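S.K.: Here the protein sequences come in this chain order: A and B.
Start counting the first sequence at 60; every next residue gets the next number (the numbering used here).
Start counting the second sequence at 4; every next residue gets the next number (the numbering used here).
Just so it is clear, CB atoms sit at the ideal spot from N, CA and C, and this is done for glycine as well.
Computed from a predicted model, the values in this text were never measured in an experiment.
One structure, pasted below without further comment.
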Amino acid sequence: EDQVTQSPEALRLQEGESSSLNCSYTVSGLRGLFWYRQDPGKGPEFLFTLYSAGEEKEKERLKATLTKKESFLHITAPKPEDSATYLCAVQEGWTTDSWGKLQFGAGTQVVVTP
Amino acid sequence: DAGITQSPRHKVTETGTPVTLRCHQTENHRYMYWYRQDPGHGLRLIHYSYGVKDTDKGEVSDGYSVSRSKTEDFLLTLESATSSQTSVYFCAISGRQGHAEAFFGQGTRLTVV
């Protein structure tokens with residue numbers, strides 16, 4: 060069965076302490092890999108889409124990278140407002156049965172302390 | 004929030020009663036989804052729609068039905084609510100030209116007592 064695994068489950072950082080989150084996947088025919096941020100009591104907020112190995116996307120202190128079997132979300136010099144749960148999702152290749160469906164990992168809960 | 008409105012935002016209901024959750028979008032996106040989110044399980048797909056009156060099952064569809072009579076509305080119905088259906092339910096949409104990402108609503112917290 061296709062799987063999306065995120066690690067670590069939880070991460071506690073000091074403000075300014077850079078780190079990386081991992082998302083490994085086993086789906087065949089990856090169409091896209093997505094990163095979301097989720098704050099307590101809210102819906103997931105879209106961050107990035109990555110389509111092919113070697114691709115990188117950046118937004119403020121966040122940078123997402125993709126290889127053939129995993130993706131990393133790098134948080135550079137984090138601030139307390141970066142505290143959230145970060146979700147990774149994958150989308151399989153285009154078929155009638157799977158178009159658009161996202162398979163999510165369980166998420167990494169990040170806490171950044173001042 | 005990408006023009007997605009879920010209603011109600013919170014609901015408490017009794018076991019065995021029917022419940023309908025509504026998702027309304029103003030983006031004219033073709034695809035709509037219902038997910039549930041539970042501790043330890045993450046987000047799991049219940050049902051999805053790829054057009055008006057075109058729907059299909061996700062990985063946790065038992066006990067749920069959906070309907071989509073208009074592009075903008077996607078309804079999720081629990082025919083006879085059970086305690087195992089206590090969860091947070093999220094609607095999502097996708098289909099923006101050239102983009103594969105999905106956008107989520109704010110969620111509905113459902114408690115079945």
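Going by DSSP in three states, B:Q109 sits in which element: helix, strand or coil?
M.R.: coil
S.K.: Using 10 angstroms around the beta-carbon of A:S87, count the other beta-carbons present and answer buried if the total reaches 16, otherwise exposed.
M.R.: Result: exposed.
S.K.: I want to verify the contact list: residues of chain B whose CB lies under 8 Å from the CB of A:A165, in sequence order.
M.R.: What A:A165 touches in chain B: G43, H44, G45.
S.K.: Any beta carbon from chain B within less than 9 Å of A:P137's own beta carbon?
M.R.: no
S.K.: Under 9 Å, Cβ to Cβ, is there at least one residue of chain A near B:A95?
M.R.: yes
S.K.: Under 9 Å, do A:K118 and A:F107 count as touching if we go by C-beta distance?
M.R.: Their beta carbons are under 9 Å apart, which means A:K118 touches A:F107 by this criterion.
S.K.: For A:G91 versus B:E30, is the C-beta distance shorter than 9 Å?
M.R.: No.
S.K.: Quick one: what does DSSP say B:S86 is sitting in, helix, strand or coil?
M.R.: DSSP places B:S86 in the helix class (H, G or I) of the three-state scheme.
S.K.: What does a CB cutoff of less than 8 Å around A:F163 pick up in its chain, not counting 5 residues either side in sequence?
M.R.: V63, L146, C147, A148
S.K.: Measuring CA to CA, which of A:G166, A:H133, A:A165, A:S142 is closest to A:S78?
M.R.: For the options A:G166, A:H133, A:A165, A:S142, the alpha carbon positioned closest to that of A:S78 is the one of A:H133.
S.K.: Check each residue of the stretch 9 to 39 of chain B: if its Cβ is closer than 9 Å to any Cβ of chain A, include it; give the result in chain order.
M.R.: Q9, R33, Y34, Y36, Y38
S.K.: Below 7 Å on C-beta distance, what does A:P103 contact in chain B?
M.R.: F107
S.K.: Buried or exposed for B:V15, please, with buried defined as at least 16 other CB atoms from any protein chain shown within 10 angstroms of its CB.
M.R.: exposed
S.K.: Check whether the Cβ atoms of A:Y95 and A:P103 sit closer than 9 Å, and answer yes or no.
M.R.: yes
S.K.: Taking the continuous beta strand (DSSP E) assigned at B:D59, which residues delimit it?
M.R.: 57 to 60
S.K.: Can you find the residues in the same chain that come closer than 6 Å, C-beta to C-beta, to A:R71, ignoring five residues on each side of it along the sequence?
M.R.: V170
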